[in-house]
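Residue numbers (the UniProt record's numbering): 1 to 377.
Just so it is clear, CB atoms sit at the ideal spot from N, CA and C, and this is done for glycine as well.
Nothing here was measured: the structure is a model prediction, and the numbers come from that model.
The structure appears below as structure tokens.
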């Protein structure tokens, strides 16, 4: 996969109009996403897609209460793509449905996220990024989305087609990288992660971004690494109950898929990391990213970031993850995409696939570009 094979979709206007534009431009990829998850849920749980969609209805009211404009955007996506609203909601709540305690679970997302502040980057820039590890079967559903919305920052994200939020950055200089954490909590219905993450990226200041994480009641646990262009980063381990947090050490912060700041009391007695490889991915990323401090300039800094994120200890379940041919095709994991956002310059860089095989390439939009950016440096 190369960057040119990822659709670059720009949407603007009010919520429903943005959604229609999204659905029309990403119609084929939305259909592929629905086909993949129908197969994946059937494999893991024996449920038909109609049964999965029926369960997705649990998240309609919590989503409307939390972000009615994003529900309207999802309705527009459904209209534009020619699918049902609950189909689109299921794509946005797939992480929550995975943790539905009434049937066997699929594994949560895997990712390794990082923030590099000026004192650790070699060129004085602030970087945020991650290796996004998930099912290899969704690789042909990925897209880069730019959202221009009245009264709010312009957002650039990389998402699975049909989703309204995942990872990205905005014209206010705020970046979000998120990782699955695992662990089952009570079965009361909370807000889907895609909506919470979009609310973070819709924020025009750091306090609002953090409040989106600390004041919402998520349905599942998820890690959020928030980085600001002014040289600040914080990692929040969010759960349906308590929230833990941690700060960079010497300008570097790395997080994987296990609890690093605390273990929630609901899990403490029996907690085991859901991704054993996270236990070595994090220190390996830290070790590689520490070398970025010695870079002589921006080009070298970015090359060193890519080299760090291409580590293969534990292959195929390594920091740079490759599909395991011993697993059924529907269960194979891979690093779908590696991202590196330069919050100093506004460059949004993507290696569309495993970073060992793909160079970082700049998407055609700068975070701080254009007449539509309500918040610029």
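Cβ-Cβ separation, residue j to residue i (assumed contact under 8 Å), whole Å
i	j	result
residue 116	residue 292	6 Å
residue 96	residue 192	5 Å
residue 147	residue 18	7 Å
residue 155	residue 6	Actually they are not in contact, since the Cβ atoms of residue 155 and residue 6 sit about 17 Å apart, beyond 8 Å.
residue 289	residue 349	That pair is no contact at about 15 Å.
Closest by C-alpha distance to residue i, when choosing among the options
i	options	result
residue 130	220, 34, 175	175
residue 52	83, 90, 236, 36	90
residue 282	324, 110, 200, 226	110
residue 34	138, 126, 128, 66	138
residue 267	182, 339, 147, 229	182
residue 434	253, 230, 222	With the chain covering 1 to 377 only, the question about residue 434 has no answer from this structure.
residue 188	62, 198, 159	62
residue 275	125, 287, 314, 304	314
residue 149	204, 114, 253, 133	204
residue 214	229, 7, 235	235
residue 184	44, 50, 340, 269	269
residue 369	199, 356, 346	346
residue 76	318, 26, 59	26
residue 194	224, 39, 172, 208	224
residue 216	280, 197, 307	197
residue 320	334, 329, 45, 326	334
residue 232	119, 78, 310	119
residue 286	310, 45, 24, 317	310
residue 393	327, 306, 307	Outside the displayed range of the chain (1 to 377) lies residue 393, so it cannot be described from this structure.
residue 207	226, 218, 39, 93	226
residue 43	352, 337, 332	332
residue 40	24, 98, 84, 12	98
residue 209	367, 322, 152, 140	152
residue 82	46, 92, 28	28
residue 168	364, 339, 351	339
residue 172	228, 362, 36, 302	228
residue 37	13, 78, 136	136
Per-residue burial, residue i [other beta carbons within 10 Å of its own, 16 or more giving buried]
i	result
residue 343	buried
residue 102	With a pLDDT of 46 at residue 102, under the threshold of 50, the modelled position of that residue is not reliable, and the figure given next carries that caveat. Classification for residue 102: exposed.
residue 10	buried
residue 166	buried
residue 163	buried
residue 80	buried
residue 57	exposed
residue 123	buried
residue 170	buried
residue 65	exposed
residue 87	buried
residue 133	buried
residue 277	buried
residue 329	exposed
residue 54	exposed
residue 247	exposed
residue 202	buried
residue 142	buried
residue 279	exposed
residue 297	exposed
Which of helix, strand or coil DSSP assigns to residue i
i	result
residue 260	coil
residue 77	helix
residue 363	coil
residue 235	strand
residue 317	coil
residue 177	strand
residue 268	coil
residue 327	coil
residue 33	helix
residue 292	helix
residue 243	strand
residue 15	helix
residue 83	coil
residue 279	helix
residue 10	strand
residue 368	coil
residue 20	helix
Cross-strand partners of residue i (DSSP beta bridge)
i	result
residue 342	127, 347
residue 111	132
residue 160	142
residue 249	252
residue 223	179, 237
residue 212	BP columns for residue 212 are empty, so no partner.
residue 167	158
residue 116	127, 252
residue 334	134
residue 218	191
residue 53	Note: residue 53 sits in no beta bridge, so no partner.
C-beta neighbour in chain C for residue i, strict 9 Å
i	result
residue 335	Absent here is chain C; the protein component of the structure consists of one chain.
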